[in-house]
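*Asks:* Before anything else, here's the structure in question.
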Amino acid sequence: MFLRSLPFAVAIAVFTLQLCPVRSAEGQDRPRFFVDRQGPRQNVEQLIFSNDSQRLLACGFDKSVHVWDVGANAKSSPEATDKIAFVKSLRWEIARGIRGVIRCLAVAPKGDELAIAGYSARAQPGDIILMREGDRSVIASLPTPAARAQNVALAGHTRPVLSLDFSPSGNRLISSDLAGEVIVWTSAGNRENWTRSQLFAEEGGDDARQQIVRFLSEDEVLVVRPRGDQRIVQRVDVQTKSQNTVSDSQSTQVGALAVNHDRTRWMHADWNGNVRIRRAVDDRVEFQFRTRLPIVLDAAWGPHDLLAIVSSENSQGKGAGMLELWDAGRQQALDQVTISNVSRVRAVAISPDGQRLATHSEDSGETLVYRLRDDDGNLLAKPLSDGTPARVSGRHRELEKLSIAADGSGVTFNRVNDPQRFLLEYETGTVQALAKPMPSIEVESHGWQPTIDAADGCHVLLKLNNVVAGTIRLHPTDQGPAQSACLVPDAQGNPIAVALGTSNSNGVFVYSLPRDGESPRLLRYLRDHADSVVDLVATTSGDLLVSASDDQTLKLWSLRRLDWSPAEFPNASHWGAVFAIQAGKVRVAELHPDGVAAARGLEVGDVIERIQGYDANDSQRIIDAVFSRVGAEQTLATLNAVSVLKQNLIQATSVRGVKKAFVIVPAWEPLVSVVVDYRDEWAIWAPRGYFNASAADGGDLFGWQINQGQDKTPRILKGSSFQKEFERPTVIQRILQNATIQGALAGIDTQASIGLTASQIPKVRIVAPAVGSELKAGSKTQIVAEIVFPQGASDGFDVRGEISGQSMGAPVRISRAGATHTYTWSVSPREDLNRIRVFASERNGALRSLFAEDIRQYRGEPAKSDPYRLHVLALASEDYALSSTDGNRSGFAKLEFPIDDVSDFVKSLQEKQRQKLGRFTLGDVIQLEDDEITRQSVRDAIDRLIQNRTQDDVILVYLAGHGTTEDGRFYYVTTQVKTGDSQDIRSRGLPWDELERISRFQGRVIWLIDTCHSGSVVDAKSSVRSAKSTGNLVFAAATGGAAAFEYPALKHGVFSYCVLQGLDGKADGALDASRSDGEVFVDELIGYVKQTVMEITGAQQRPVATPAELQDLILPLVRVE
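Spelled out as structure tokens, the structure:
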């Protein structure tokens, strides 16, 4: 585990009022936005396996513990590479900036309990959380909130916690923090209450040294301690606190400290590459060696004294990273491999069963899992250098190479290592993939050039015509080293400022350019990124700044009133407000709608009752002004004197008498943030919660976390759960077009809030079986879920259960106790790894429903089955009447190829079966065309298809024609719809309620949807999300604002043409040439069709598959001749 040298060397003051770091005007912690990465990319601090070796956990700077299942396919496919499947992300309380970063975790010896710590979200950042991996529930906080409130300093850590370890029994936990305090916590009879025993007090001041602690036995611990400028390892008795120095003084950091499985040996390693293996009985050195690279950053023991060590070329984060495997018992090196060439490797773990080794490559952003043993349990000769690791990473990519489109249409950008350019388009409020590069425009420099000092990044030279005109000195901790820079112009295009993006604080700092001998002056602090800001660009009008970050988001910031500095309150540009003395009190005299003061709920006329914060001229000194004690002038003077880089406590009273209290850093929030994942799904959101997202999974790329208290489980909800109230594309369009939130909410019901809406969403929790349980073949396992409904709202929700995308059918039992309903299903395994999903959704249509879900993964061994039976329902409509009296709809044009599309698709399946190339047995095939499609005919077809089916059957539904949306509900437009008017559609169209009945049977349903011929964004979202809501696999011809094309030369729609080509064999090996095995699988067909459709249409049509968890479905379709 490696400690970044700067971000945690921060002095933390103890406020006299104990509040959450930021609270709303009502006194409740405001909902926190997060990007759901489903795995880390960079800055992985620790890796660890679960006790049963089935799951791998990773923590780091993205404020989550990510959990994967590893090797569920080992039994059924022992020769295949391990399958790594994302399971869940565990979250604790988070806040802005680095608050919520997880530095370390420990897994208890039994069960699924784990401890996490780091830079916690509260004013004292040393909290430790105990939680259960299975249901994500928080068991306890160390210290408890009551103990912290009673005595802040003596209750627990007041600095970020860097190291954790459980004792062999799990009844003790040891922790150490940045300042050197070491505490042993002992369970007091239950897991909710723990007693504290301090082994070492704080050393005084913060230091970047490693503070590693490990249990050697139940009563003894190993602790890395400083001795002057050197480091020693001490063995300490937990009961008597007697100490024994067992290692020689080392002039460098101790990078690794670990104990073997049977606790007979332990090791420590330093930053000169020296590794010493000691006997636990007497601490004598048994064996010592040097690693290939000097900076040892982590080590892990496995069974039979296997020892894995990761080391780096240097301590600054750059250079090669290497993994070595040793047999410590036999004192010999076994294997080694270079993991990265540019960035260090900081984490390594070996599974308790000794089968696998995991590490993380910062270069590629991937977690690597190596198999160490063969099927007979024998250690492989060269598992690292000869082995092929399984690789997994988060679903997002960093964004880079920002530019402003020359035509003013938006911002263009790339994902890292991806030539595809994207456009954040102002007019539509969407993200568009570009078929070719767009011309860009830059701010004229007029001779100005910012140059970042390569030595430390904290000095930026401002050159005018190659002559240094001024220097900006960034504070190494409060601001951090600069990683990016750009010029900021005035409205006429003349440079007036420079924006600097940094690491550590991950902020953007806008400074004035030096004029007339004046030094550069900080004008504004922009703060919301969670990792280094790597690129910046300003619009030529100077009203907007765009940033890209390693946190995989792009953000747009207001630069309006950058020079706002009235004499009575010079810091107005920082606060986005003017405070002035009016009628003997300090009031908010003026407010910018995009500023941080407005974002925190301050209003014009509010009276400032108290301001407490750090002195801008003395970062260690807290200044405090209470109006009732010091008067208005001193209160205003203190507002002017507090640091704009640190937390400040504000107490205020509104003109209505409402009391407000919150902690605030005077840093502006972005107007909007953007994320794009590796499948081109995207989301754009504003801090108030309003968003726009791509049709399929865009709303799942982010979410909202509602902190409930440090010892309570946070409420986690996907962004898509709020689509009913907060998916407002018009709001995003207005913000982007006008570069301000002012006026963007016109016509929007602003009474809704994320917190209020969350209270209307049920709470869903799967409570059985326990984590690690296995679904047995040939038997039934009971799935139990508890759902807490909002009071009196249960009748308005549908509840369903799925297993690997297939319905679990009706619950075998439902019990009710007030608002809590308990549902029980009985299931058998479908796959090696079974994804159980229970969800509750409002009955309002796909675009107007609140919903919640819980998902678990369970291993299982499905019973062997014969080739599956495939049934088909195909609906094709093309003979439409182009007319409408609805001013909002242009009618439905005739289409040329839907009937040909589905007919040839059905013929292809029949021909494959006749030639014995199908991996299926074709069952019922029902094809309805044009006027044959009525509500009754479809009902009859569905009833026929779902009768007497087994869970191994597959039903494929192909919809071709027009689709539209009414009152948030999707309608398949039949040819009986003549006018296109709303009433005509509702009475003669085919509502989704009729179609989704097919998804209730307990086999697999696959949807092919080619109904996006109008280019309507709303209709595309409605069709895709309606099908997605069933939990089945959906493959749609187009999404977003793009229409599905029909090309006469192909005699088909492009989508259907590519599907037919793929089934004829072209999809074999489409995802990976090494998988070209003479068979076409569902995942290969999806990959082939997506790529080929984009090639044929010049990326104007982009098919989409959803949900992401099912689009990699390994279901065989046909053999290739």
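Under full-length UniProt numbering, think of the first position of the sequence shown as 1, with each following residue one higher. Beta carbons are placed, not taken as given, at the ideal position from N, Cα and C, and that holds for glycine. The structure displayed is predicted, hence computed values, not measured ones.
1. Select from Pro476, His446 and Asp456 the residue whose C-alpha is nearest the C-alpha of Asp490.
2. To the nearest angstrom, how far is the alpha carbon of Pro762 from that of Thr822?
3. Do Leu178 and Pro160 count as a contact pair if the criterion is CB distance below 8 Å?
4. With a threshold of 7 Å on Cβ separation, who are the neighbours of Ser937 within its own chain once the five nearest residues in sequence on each side are excluded?
5. Would you mind reading off the limits of the beta strand (DSSP E) that contains Pro495?
6. On the DSSP letters alone, give me the boundaries of the alpha helix (DSSP H) that Val655 sits inside.
7. For the alpha helix (DSSP H) that contains His574, what are its first and last residues?
8. With respect to the alpha helix (DSSP H) encompassing Gln150, which residues constitute its N-terminal and C-terminal limits?
9. Using a Cβ-Cβ cut-off of 6 Å (strictly less than) and excluding sequence neighbours within five positions of Phe1001, which residues of its own chain qualify?
10. Given 8 Å as the limit, is there contact between the region 632 to 646 and the region 1071 to 1085, that is, 3 or more CB pairs closer than that?
11. Which of helix, strand or coil does DSSP assign to Gly27?
12. Using DSSP bridges, identify the partner residues of Gly703.
13. When you compare the CB of Ser1026 with every CB in chain B, is at least one pair closer than 8 Å?
14. By the 10 Å Cβ neighbour count, where 16 or more other Cβ atoms means buried, how is Arg468 classified, buried or exposed?
15. Starting from Ile735, trace the beta strand (DSSP E) in both directions and tell me its first and last residue.
16. With a 10 Å radius around its C-beta and 16 neighbouring C-beta atoms as the bar for buried, classify Arg290 as buried or exposed.
17. Which class does Ala567 belong to by DSSP, given the choice of helix, strand or coil?
18. Please confirm if the region 662 to 681 is in contact with the region 389 to 407, defined as three or more CB-CB distances below 8 Å between the two stretches.
19. Distance check for Asp953 and Arg1004, CA to CA, integer angstroms please.
20. I need the straight-line Cα distance from Ser547 to Gln46, nearest angstrom please.
21. Assuming the contact rule is C-beta atoms closer than 8 Å, Phe627 and Glu603 should be a hit. Round their C-beta distance to whole Å, please.
22. Keeping to the same chain, check which residues put their C-beta closer than 7 Å to that of Tyr426; ignore five residues upstream and five downstream.
23. So if DSSP puts Ser826 in a beta bridge, which residue, or which two residues, is it bridged to?
24. Closest to Leu745 by C-alpha separation, out of Glu725, Phe1035 and Ala768, would be which residue?
25. Kindly indicate the opening and closing residues of the alpha helix (DSSP H) around Arg939.
26. Since Tyr880 is in the alpha helix (DSSP H), which residue starts that stretch and which ends it?
27. Terminal residues of the continuous alpha helix (DSSP H) containing Met1094?
28. Quick one: residues in its chain with C-beta nearer than 7 Å to the C-beta of Ile1096, no 5 flanking neighbours on either side, listed in chain order?
29. So, at 7 Å on beta carbons, what are the nonlocal neighbours of Leu162 in its own chain, with the 5 sequence-adjacent residues on each side left out?
30. Scan the region 434 to 487 and note each continuous beta strand (DSSP E) run of 3 residues or more that stays entirely inside, going in chain order.
31. Determine the closest residue to Leu1110 out of Leu639, Gly111, Leu1060 and Ala696, with distance taken between C-alpha atoms.
32. Could you give the residue range of the beta strand (DSSP E) that holds Ala693?
33. Using a Cβ-Cβ cut-off of 8 Å (strictly less than) and excluding sequence neighbours within five positions of Arg1102, which residues of its own chain qualify?
34. Gln983 lies in the beta strand (DSSP E); which residues open and close that run?
35. Give me the Cα-Cα distance between Tyr972 and Phe579, rounded to the nearest whole angstrom.
36. Examine the Cβ distances between the region 659 to 668 and the region 484 to 504 and report whether three or more of them are shorter than 8 Å.
*Replies:* According to the structure shown:
1. What you label residue 490 is simply residue 490 of the sequence shown in a count that begins at 1. It is His446.
2. The sequence position of residue 762 within the sequence shown is 762, counting from 1. The sequence position of residue 822 within the sequence shown is 822, counting from 1. Roughly 13 Å separates the two Cα atoms.
3. As a working note, residue 160 is residue 160 in the sequence shown. As a working note, residue 178 is residue 178 in the sequence shown. Yes. Within cutoff.
4. Reading the sequence shown from its first residue, position 937 is the one you call residue 937. Counting only Cβ-Cβ distances below 7 Å, and skipping sequence neighbours, we find Leu928.
5. Position 495 of the sequence shown, counted from the first residue, corresponds to residue 495. Segment Pro495 to Thr502, the beta strand (DSSP E) holding Pro495.
6. Here residue 655 refers to the residue found at position 655 when the sequence shown is read from its first residue. Taken as a continuous stretch (DSSP letters only), Val655 belongs to no alpha helix (DSSP H), as it is neither H nor E.
7. Numbered from 1 along the sequence shown, position 574 holds the residue referred to as residue 574. Segment Ala572 to Trp575, the alpha helix (DSSP H) holding His574.
8. What you label residue 150 is simply residue 150 of the sequence shown in a count that begins at 1. Where Gln150 is concerned, the enclosing alpha helix (DSSP H) stretches over Pro145 to Gln150.
9. By 1-based counting over the sequence shown, the position of residue 1001 is 1001. Correct list, in chain order: Ile946 and Arg949.
10. no
11. Your numbering for residue 27 matches position 27 in the sequence shown. Any reading at Gly27 needs caution, since the residue's pLDDT is 40, under 50, leaving its predicted position unreliable; the model's value is listed next. Gly27 falls in the coil class under three-state DSSP.
12. In the sequence shown, the residue the question calls residue 703 occupies position 703. Answer by DSSP bridge pairing, in chain order: Phe34 and Lys718.
13. Absent from the structure is chain B; it holds one protein chain and no more.
14. Numbered from its first residue, the sequence shown carries residue 468 at position 468. Just to set this straight, residue 468 is Val in the shown sequence, not Arg. With fewer than 16 other Cβ atoms within 10 Å, it is exposed.
15. By 1-based counting over the sequence shown, the position of residue 735 is 735. From DSSP, Ile735 is part of no beta strand (DSSP E) but of the alpha helix (DSSP H) over Pro729 to Asn738.
16. Counted from its first residue, the sequence shown places residue 290 at position 290. It counts as exposed.
17. The count along the sequence shown starts at 1 and reaches residue 567 at position 567. Three-state DSSP puts Ala567 in coil, outside helix and strand.
18. yes
19. Mapped onto the sequence shown, residue 1004 falls at position 1004. Mapped onto the sequence shown, residue 953 falls at position 953. Spanning the two alpha carbons is a distance of roughly 6 Å.
20. To locate residue 547, count along the sequence shown from 1; it is residue 547. To locate residue 46, count along the sequence shown from 1; it is residue 46. Between Ser547 and Gln46, the C-alpha separation is close to 29 Å.
21. Taking the sequence shown and counting its residues from 1, one reaches residue 627 at position 627. Taking the sequence shown and counting its residues from 1, one reaches residue 603 at position 603. Not confirmed; about 17 Å, so no contact.
22. Indexing the sequence shown from 1 puts residue 426 at position 426. These residues qualify, in order along the chain: Ser409, Gly410, Leu736 and Gln737.
23. Locating residue 826 in the sequence shown gives position 826, where the first residue counts as 1. Answer is Gln782, bridged to Ser826.
24. Position 745 of the sequence shown, counted from the start, is the residue given in the question as residue 745. Residue Glu725 is the option with its Cα nearest to Leu745.
25. Taking the first residue of the sequence shown as 1, we reach residue 939 at position 939. Run containing Arg939: Arg935 to Ile946, per the alpha helix (DSSP H) assignment.
26. Here residue 880 refers to the residue found at position 880 of the sequence shown. Looking at the DSSP string, Tyr880 is not in any alpha helix (DSSP H), and its letter there is neither H nor E.
27. Start at 1 with the first residue of the sequence shown, and residue 1094 comes out as number 1094. Per DSSP, Met1094 belongs to the alpha helix (DSSP H) from Val1082 to Thr1097.
28. Taking the sequence shown and counting its residues from 1, one reaches residue 1096 at position 1096. Val1054.
29. Reading the sequence shown from its first residue, position 162 is the one you call residue 162. Leu3, Arg103, Cys104, Ser176, Asp177, Leu178 and Gln211, listed in sequence order.
30. 448 to 452, 459 to 464 and 467 to 473
31. Position 1110 of the sequence shown, counted from the first residue, corresponds to residue 1110. The shortest Cα separation from Leu1110 among Leu639, Gly111, Leu1060 and Ala696 belongs to Ala696.
32. Looking up residue 693 in the sequence shown gives position 693. Looking at the DSSP string, the run of the beta strand (DSSP E) that includes Ala693 is Phe691 to Ala693.
33. As a position in the sequence shown, residue 1102 is number 1102, starting the count at 1. Here the set comprises Ala433, Asp680, Ala1038, Thr1039, Gly1040, Ala1042, Lys1090, Val1093 and Met1094.
34. On the sequence shown, residue 983 is found 983 positions in, with the first residue counted as 1. Careful: Gln983 lies outside any beta strand (DSSP E), inside the alpha helix (DSSP H) at Ser982 to Arg988.
35. Looking up residue 972 in the sequence shown gives position 972. Looking up residue 579 in the sequence shown gives position 579. Cα to Cα, the separation comes out at about 57 Å.
36. no
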